[in-house]
Amino acid sequence: MQPPQEEIAISTGKAGLQNDQDHSEDISETNHQNDDGVIESPAIITPSIAADLPSIVSDALPTTQAKTSTAPSRTVLPPPSEYEIETEAEIECQDMYGINYLNYAATHQISYCESESNSGLQCFNAHGRPHPHNVPADTFCVAQGVEITQEPTHDLNTGASTPHPNIGMQCRLRNFTTERLKHPEKAESELKWVANIDNLETYFFDTGAKMQLYDMKISPVEELSGRQCTRDTHGNSTWILLARREGNHNIWHKFMETWQAMLTFDTMRMAINPSSGEPYMTEEDVRNALIVFDDDREEPYDDWWHIVANNGNPLLRKNDLAPGCYSNIVLPLAGSSSNFWPLIISPGYQPPCHNPFFFRAVRSRMFSHLKLTPRSATSTRQHPTMTFIDRRKKRIIYDSDHLLTKLRNMYPHSTLNVVDFSQLTLKAQVELILDTDILIGTHGSALLHLLWMHPDTAYVEIKPVSFPFHWRTFAAFNSINYFDTMAVWPEVWNWTTHKIKPAPGWKPPTENNDWQDGQYIYLDETDFLRTVDAAVRSQKAKMSTGQPPKVLQCDDQTCEYVEVVAGQD
1 MQPPQEEIAI
11 STGKAGLQND
21 QDHSEDISET
31 NHQNDDGVIE
41 SPAIITPSIA
51 ADLPSIVSDA
61 LPTTQAKTST
71 APSRTVLPPP
81 SEYEIETEAE
91 IECQDMYGIN
101 YLNYAATHQI
111 SYCESESNSG
121 LQCFNAHGRP
131 HPHNVPADTF
141 CVAQGVEITQ
151 EPTHDLNTGA
161 STPHPNIGMQ
171 CRLRNFTTER
181 LKHPEKAESE
191 LKWVANIDNL
201 ETYFFDTGAK
211 MQLYDMKISP
221 VEELSGRQCT
231 RDTHGNSTWI
241 LLARREGNHN
251 IWHKFMETWQ
261 AMLTFDTMRM
271 AINPSSGEPY
281 MTEEDVRNAL
291 IVFDDDREEP
301 YDDWWHIVAN
311 NGNPLLRKND
321 LAPGCYSNIV
331 LPLAGSSSNF
341 WPLIISPGYQ
351 PPCHNPFFFR
361 AVRSRMFSHL
371 KLTPRSATST
381 RQHPTMTFID
391 RRKKRIIYDS
401 DHLLTKLRNM
411 YPHSTLNVVD
421 FSQLTLKAQV
431 ELILDTDILI
441 GTHGSALLHL
451 LWMHPDTAYV
461 EIKPVSFPFH
471 WRTFAAFNSI
481 NYFDTMAVWP
491 EVWNWTTHKI
501 KPAPGWKPPT
511 ENNDWQDGQY
521 IYLDETDFLR
531 TVDAAVRSQK
541 AKMSTGQPPK
551 VLQCDDQTCE
561 YVEVVAGQD
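Each residue of the sequence shown is one higher than the one before, starting from 1 at the first, in full-length UniProt numbering.
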């Protein structure tokens, strides 16, 4: 019979490893708040997984034999100060793109209802977005003890009657402006960045908690059907994420909605409900949770919403909800509240770091949902596989057939995929990207697929002429080698390609306001081919074993460079 494994607490602060004999009975009491109000807890490590930890930790873990020994316990000291996070940029990195983003939201919550209200409205503030938005906080909420009623609406033309769901709650809203005046000492602490509903942020296409709350009937007294729906009512306890979606089909916009909703649910799994002292959502709650759209649209990217709870439950519409009391309805972070937005719309913004923290989680869930296995971390190819995004409506590469023929002649052993993503299923798109070493494409929302590429692969961005935006920083978060080539004006292309002079007096414009709707993009052939060649070399460099990519072989009459084949002597 195996002896029970003992639990050893490793402090998250500077105290280092705690000895279980001195502190095991105090493990539950070692939680504390740091200066930012973030709850820190000790990690629980068992000897069975000690082998997976660094030696400085595993050496300090007492074994069963050590526990019966009279030898003194050993303590691990903090690392030298040079290892500590010191710079403001590194701290901002953790706040915006690391674990602190979730921790901050989980610990910065406040009730929007007065204590005597039957319903509850608990709202959470996430770190706001940096330049150029300068938003101090992005808010999401969970409404508790709400009533859903179905009221018929009549079509004036046909006379047809259809049910229309209404959501109501009995809540006397707090006035935080008045509270700050009465209690100025709270203005820079618990009430900092807390806004009344009217002052919450509004996002693209009127999304976000503010606009969703405007659509709810929030009354200080019971003015609904007479049904008593309270926080303590034993009604429908299933957690519901009520999603308001943007009115477009842009793949980047759509995925940001899904991603922010996922972070909302993840925060609810971490945050402690002050009423119960337990997390808001348990693992069972997540398994049973439902994603409900407040519209009736069928969209091409609906399937991606399954990664939010990752439970396989069907996606519903608000009309599908039966009348009655509901315990927990989540109004999630809006898609345009994502901190990744500034990476592609702010040419002057440089993030403080390239933390893959969020990328790892969303990649893992997407691959699990699509039942795809990413390539091995050590997977390399002597002849990189290239994928060229072949746009068919706008921003079409002019004379692309000629350029692609040149690429095939330059790299005859490489696979060159030429694809129109609009003709592929979502799974097929991701599957193709997973098999790609070098992605080549015009600036556009489809470059969201950089998220699925294998780290240390390469991306060649074709930028419209006089265009300041790029995907370089987004690619860097996934450790992708970035290369770019900028298009030229048609007049320049005609001159360099066919020696046709521009019209008299023509001057290159300084701006390109029609970049998104232009039909064609013209490339300088030499610059394009050199840029792709640099990307190919970045991939072949991973195959380096000390040999050059080609060797000089000579006979009695001549010499020639011969490409080295992997495994060849």
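No residue lacks a Cβ here, since even glycine has one placed at the ideal position from N, Cα and C.
Here the structure is a predicted model, which is why all the values come from computation and not from measurement.
| Check | Outcome |
| --- | --- |
| Quickly, what does DSSP pair L173 with across the bridge? List them, please. | C113 |
| Using the Cβ count rule (16 or more neighbours within 10 Å means buried), how would you classify S55? | Reliability of the predicted coordinates at S55 is poor, the pLDDT of 36 falling under 50, and no value is obtained from them. |
| Enumerate in chain order the residues of its own chain whose CB-to-CB distance from I344 is below 7 Å, with the five nearest sequence positions on each side excluded. | F469, W471 and F474 |
| For L403 and N417, I'd like the C-alpha separation in whole angstroms. | 13 Å |
| In the DSSP output, what is Y522 paired with across the bridge? | V488 |
| Could you tell me the alpha carbon to alpha carbon distance between D555 and Y411, rounded to whole angstroms? | 26 Å |
| Between G444 and M543, what straight-line distance do the alpha-carbon atoms span, to the nearest angstrom? | 31 Å |
| Quick check on D420: does DSSP put it in helix, strand or coil? | coil |
| Can you pull the DSSP bridge partners for residue 571? | Any property of residue 571 remains undetermined from this structure, which presents the chain solely from 1 to 569. |
| Quickly, what does DSSP pair R317 with across the bridge? List them, please. | F293 |
| Strictly by DSSP, which residues pair up with A458? | I438 and N481 |
| Check for me: the alpha helix (DSSP H) holding I99 runs from which residue to which? | I99 to T107 |
| DSSP three-state label for Q122, please. | strand |
| What are the boundary residues of the alpha helix (DSSP H) that includes D401? | S400 to M410 |
| What are the residues that DSSP puts in a beta bridge with Q144? | G120 |
| For the segment 196–232, list the beta strand (DSSP E) runs that are entirely contained and at least 3 residues long, ordered along the chain. | 217–219 |
| For R408, collect the residues of the same chain with a Cβ closer than 7 Å to its Cβ; drop the 5 residues on either side in sequence, then sort them by chain order. | L416 |
| Taking the beta strand (DSSP E) that V330 falls in, what are its first and last residues? | I329 to L331 |
| Taking 8 Å as the line, does the beta carbon of A89 fall inside it for any heavy atom of the ligand NAP? | Summarising the ligand content, the structure contains no ligands, and the ligand NAP is consequently not present. |
| Is the Cβ-Cβ distance between S117 and R172 less than 9 Å? | yes |
| Hey, does A534 have any beta-carbon neighbour from chain C nearer than 9 Å? | No chain C appears in this structure, which consists of one protein chain only. |
| Cβ of S538 within 9 Å of Cβ of A458? | yes |
| Straight-line CA distance for K67 to L290? | Here K67 scores only 46 on pLDDT, less than 50, and its place in the model is too uncertain to base an answer on. |
| CA-CA distance, L331 and T282? | 18 Å |
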